[in-house]
Amino acid sequence: MTSTLDTSASVGGQPSAAAPTTYSRLVLPAMAANVFLLAVIQTVVVPALPLIGQQLHTSATTVGWLATATMLTASATTPLFGRLGDVFGSRRVILVALTLTLAGSVLAATTHSIGLLIAARVLQGASFGLFPLAISVLRQELPLHKLHHGMSIAATALGVGSGFALVATGVLTNHDGDYRRIFWLTVVLSVAMLALSARALPKHPGRGGRVDYLGAGVLGAGLVSLLLPISQGHEWGWTSARTIGLLVAAAVILAGFAVLQGRVAQPLMSLRLLAHRDVAFTNAASLFVGYGMFSVFLGATFFVQAPSALTGYGFDASVLRTSVEFMLPGTLLAIPLGPLAGRFVGSHGPRKVLIGATALGIVSMAALALFHAHAAEFIVAVVAVNAAISIAYAAMPALLNQHVAPQDTGIANSVNAVMRTVGGAIGSAIVVTILASSAQAHATPVGTVSIPTEAAYDTVFVLGAVAFVLAALSAAYGVRKHHVAH
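Numbering (the working numbering) for the sequence shown: 1008 to 1493.
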């Protein structure tokens, strides 16, 4: 396998100077829209979890599986979808992923059963494969001089979609509205993305080869065994037999996967690819930024909703106010960041852009820990963190593409996406554990409530800053400056 990409080569079979075809003009908005849908699917349910629990009369532990189930499906299917796209062509796999997402959305919007709702979220987890598939399509279809711009816009759609989902959930569930409204939204979006993708994507054959289905199954089992105890450890107990047993099983299964990949003629992913220094450190940066993303996502959301009269901190925000006042500004900023990040990547290189983004993340997370007495300063810090995350994830696909061959684009970006999921799962687990362990009882007219201390939030934000430090070190000292291979 070639470890670097000759950037003088043609893209999508066209010279870099070729003008985009009609398909090319539709491909970028279609792929950005698919990534937008993925972000909406991932985020839209989180603010509504308490409401869903109330309306379905189920416990917080059970309703939490609506987030966990999607993450587990994503970890198991994303690498497989990436490889399937490389072998059979991304168009087919994208349409399959969108069809599964639509089926899950329809089921979620029409059921009153928590069991079926969890099953629906399992189906919706197929949407997570859309990001690496979108990057593969853009690398194949866009002229070289538009590639950085296109990948940055697609990556920025992650932040835009997440912000849109927060606002939409706040609006649709305001005044205890029916939670199923948010899933009808995903039905509409899924139908639109299916129609757009079917129209926009050319019917190119894949690059051929075989798919290591056994390896995909083993990898999926290993990742599920890893992420399940990470996400549920605060409920099960971090030293419980179930948690420790699954973590040990994950280590054994993933080690077995590595051995298996070394013995298969056409493995799911090349061990050389995984061990490639630049790829490995880019994936490490993705994990750490994923951690930081969920630190601010959960930490800021809970912080602003804290009752200030009882705690001495927080802004007494409702779900709607949280979405519109505290989260929407970052979403709006992310829209112009895509083209801007693309220009920076093109002019300065993705490595420098990633380093700059993580530096902004460090400063912004530190600001959240130090300055949160007033809503305005808190909003500015949250906006800055969101900008850092958007720019970082806009740089990573371009960074990977510098160091992997075209036929490995799908699987390389799939692994990077899985690392983001793992980082987010670890971040979520640590945030929840810190906040829950510090909770103090407060008497209210309707009973006693447990609320985390302000110091616990400071710890959450400081650890988020540490995650960005580790991401910056990975980019600065792990990823080498790119040189064109000849």
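Even for Gly, the Cβ is constructed at its ideal location relative to N, Cα and C.
Bear in mind that the values here come from a model prediction, so they are computed numbers and not experimental data.
Same chain, Cβ closer than 6 Å to residue i, five either side skipped, listed in chain order
i                  : result
glutamine 1062     : Tyr1186
valine 1476        : Ile1369
valine 1456        : His1449
serine 1097        : Leu1140, Ser1143, Val1144
glycine 1132       : Thr1077, Thr1080, Ala1081
alanine 959        : Residue 959 is absent from the structure shown; the chain starts at 1008 and stops at 1493.
serine 1421        : Thr1085, Pro1086, Gly1089, Pro1139
phenylalanine 1000 : Outside the displayed span of the chain (1008 to 1493) sits residue 1000, for which this structure offers no information.
alanine 1474       : Phe1295, Tyr1298, Gly1299
proline 1236       : Thr1250, Leu1253, Leu1254
alanine 1483       : Ile1362
serine 1023        : Its pLDDT being 37, under 50, serine 1023 is placed unreliably by the model, and nothing is read from it.
valine 1271        : Asp1219
tryptophan 1243    : Arg1249, Thr1250
alanine 1472       : Ile1369, Met1372, Ala1373
methionine 1426    : Asn1290, Ser1293, Leu1294
histidine 1211     : Gly1096
Cross-strand partners of residue i (DSSP beta bridge)
i            : result
alanine 1133 : Looking at the DSSP assignment, alanine 1133 forms no beta bridge with any residue, so it has no partner.
serine 1457  : Ala1448
Where the alpha helix (DSSP H) containing residue i begins and where it ends
i              : result
glutamate 1461 : 1461–1480
glycine 1244   : Premise fails: glycine 1244 is in no alpha helix (DSSP H) and is neither H nor E.
glycine 1218   : Reading off the sequence, residue 1218 comes out as valine, not glycine. Here valine 1218 belongs to no alpha helix (DSSP H), and DSSP marks it neither H nor E.
glycine 1060   : 1056–1063
valine 1053    : From DSSP, valine 1053 is part of no alpha helix (DSSP H); its letter is neither H nor E.
threonine 1069 : 1067–1070
Collapsed DSSP secondary structure at residue i in the structure displayed
i               : result
serine 1232     : helix
histidine 1156  : helix
serine 1354     : helix
histidine 1449  : strand
asparagine 1181 : coil
tyrosine 1186   : coil
alanine 1405    : helix
glycine 1096    : coil
leucine 1208    : coil
arginine 1487   : coil
serine 1082     : helix
valine 1195     : helix
leucine 1201    : helix
leucine 1149    : coil
serine 1238     : helix
alanine 1412    : coil
threonine 1075  : helix
serine 1120     : coil
tyrosine 1030   : Low local confidence applies: a pLDDT of 47 at tyrosine 1030 is under 50, so the model's placement there is unreliable, and no value is given.
Contacting residues, own chain, Cβ-Cβ under 7 Å from residue i (five flanking each side not counted)
i               : result
alanine 1040    : Met1200, Leu1203
glutamine 1414  : Asp1093, Arg1214
isoleucine 1125 : Trp1072, Leu1073, Ala1076
valine 1390     : Pro1336, Gly1337, Leu1340
alanine 1256    : Ser1232
valine 1360     : Ala1348, Phe1351, Val1352, Ile1398, Ala1402
glutamine 1268  : Gly1222, Pro1274, Leu1275, Met1276, Leu1278
leucine 1123    : Leu1114
valine 1486     : Asp1285, Phe1288, Thr1289, Arg1358, Leu1406
leucine 1480    : none
aspartate 1323  : Pro1314, Ser1315
alanine 1463    : Ile1441, Leu1442, Ser1445
asparagine 1423 : Thr1289, Asn1290, Ser1293, Met1403, Leu1407
glycine 1020    : Per-residue confidence for glycine 1020 stands at a pLDDT of 37, beneath the threshold of 50, marking its modelled position as unreliable; the derived number appears in the next sentence. Excluding residues within five positions, none has a Cβ falling inside 7 Å.
glycine 1240    : Thr1250, Ala1436
leucine 1327    : Gly1177, Val1178, Asn1181
Proximal residues to residue i (C-beta, below 8 Å), its chain only, five neighbours per side dropped
i              : result
threonine 1428 : Met1078, Ala1081, Ser1082, Thr1085, Phe1135, Leu1234, Gly1297
glycine 1166   : Ala1046, Gly1337, Thr1338, Ala1341, Leu1344, Asn1393, Ile1396, Ser1397, Tyr1400
leucine 1109   : Val1194, Ser1197, Val1198, Leu1201
C-beta neighbour in chain C for residue i, strict 9 Å
i              : result
aspartate 1093 : Of the chains in the structure shown, none is chain C; there is only one protein chain.
task: Can you check the segment 1293–1381 for any alpha helix (DSSP H) of at least 4 residues that lies completely inside it and give the ranges in chain order?
output: Secondary structure within the segment 1293–1381: the alpha helix (DSSP H) runs of 4 or more consecutive residues, fully enclosed, are 1315–1318, 1335–1355, 1357–1377 (chain order).
task: Taking only runs that begin and end inside the segment 1264–1298, name each unbroken alpha helix (DSSP H) of 4 or more residues, in chain order.
output: For the segment 1264–1298, whole alpha helix (DSSP H) runs of length 4 or above, ordered along the chain, are 1278–1282.
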